[in-house]
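One structure below.
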Amino acid sequence: MDLKDIVALKNALLSQLKQLRDVEIYAEVVLGASENFPKARDFAYTDGAYIYFSPKILSAPTHRVDGLLRHELAHVILMQKGLFSHSERDADRVAAWAFGTPILYDSEDIQSTLEGRPVRPSYLPKQ
């Protein structure tokens with residue numbers, strides 16, 4: 005994904021926001037228990053227009069909840085635009101452009117990607 009794609013997504017987001025009303029958000033009792041998703045997901049995952057959060061999000065600081073929600077909404081937007089990028093970095097970039105502020109991570113925000121892949125963001129120490 006290059007800057008041109010991100011700018012196009014940002015412009016499309018204004019019209020897409022109306023379509024985001026179809027997004028459904030759930031808190032899973034045991035995140036990763038779904039047969040469709042790897043157990044490596046620590047905080048949240050997106051499946052189409054469905055966003056699933058781990059119950060531990062309920063005790064998370066507001067900045068973490070805000071960042072995760074924006075990140076997962078960016079995955080929804082990417083999928084709606086037919087860009088099936090599973091890149092966590094792409095979702096972070098789209099979220100930053102779409103919502104006007106970057107997502108800031110700290111050592112508690114480490115989230116695994118797909119099974120067997122490194123955690124992200126990679127600049128944070130592994131727990």
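Using my numbering, the letters of the sequence shown correspond one by one to residues 5 to 131.
Positions of the beta carbon are idealized from the N, C-alpha and C atoms, including for glycine.
Under the rule that 16 or more other beta-carbon atoms within 10 Å means buried, what is residue i, buried or exposed?
i: glycine 104; result: exposed
i: phenylalanine 88; result: exposed
i: serine 58; result: buried
i: threonine 66; result: exposed
Helix, strand or coil for residue i? Go by DSSP, reduced to three states.
i: leucine 35; result: Residue placement at leucine 35 cannot be trusted, given a pLDDT of 47 that sits under 50; the coordinates are not used to answer.
i: threonine 105; result: coil
Under 8 Å by Cβ, that's how I've got residue i and residue j pegged, so tell me the actual separation to the nearest angstrom.
i: leucine 72; j: isoleucine 81; result: Wrong, their Cβ atoms sit about 15 Å apart, outside the cutoff.
i: histidine 75; j: aspartate 94; result: Going by Cβ atoms, the distance from histidine 75 to aspartate 94 rounds to 10 Å, so no, they are not a contact pair.
Can you list, in chain order, the residues of its chain whose CB lies under 8 Å from that of residue i, leaving out five sequence neighbours each side?
i: valine 27; result: Ala53, Tyr54, Ile55, Leu77 and Val80
i: valine 69; result: Ile61
Which residue marks the beginning of the beta strand (DSSP E) containing residue i, and which one marks its end?
i: valine 48; result: The amino acid at residue 48 is misidentified as valine; the sequence shows alanine. 48-51 is the extent of the beta strand (DSSP E) around alanine 48.
i: isoleucine 61; result: Here isoleucine 61 belongs to no beta strand (DSSP E), and DSSP marks it neither H nor E.
Since residue i is in the alpha helix (DSSP H), which residue starts that stretch and which ends it?
i: isoleucine 81; result: 66-84
Leaving out five residues on either side along the sequence, give the residues of the same chain with a beta carbon under 7 Å from the beta carbon of residue i.
i: alanine 100; result: Pro106 and Ile107
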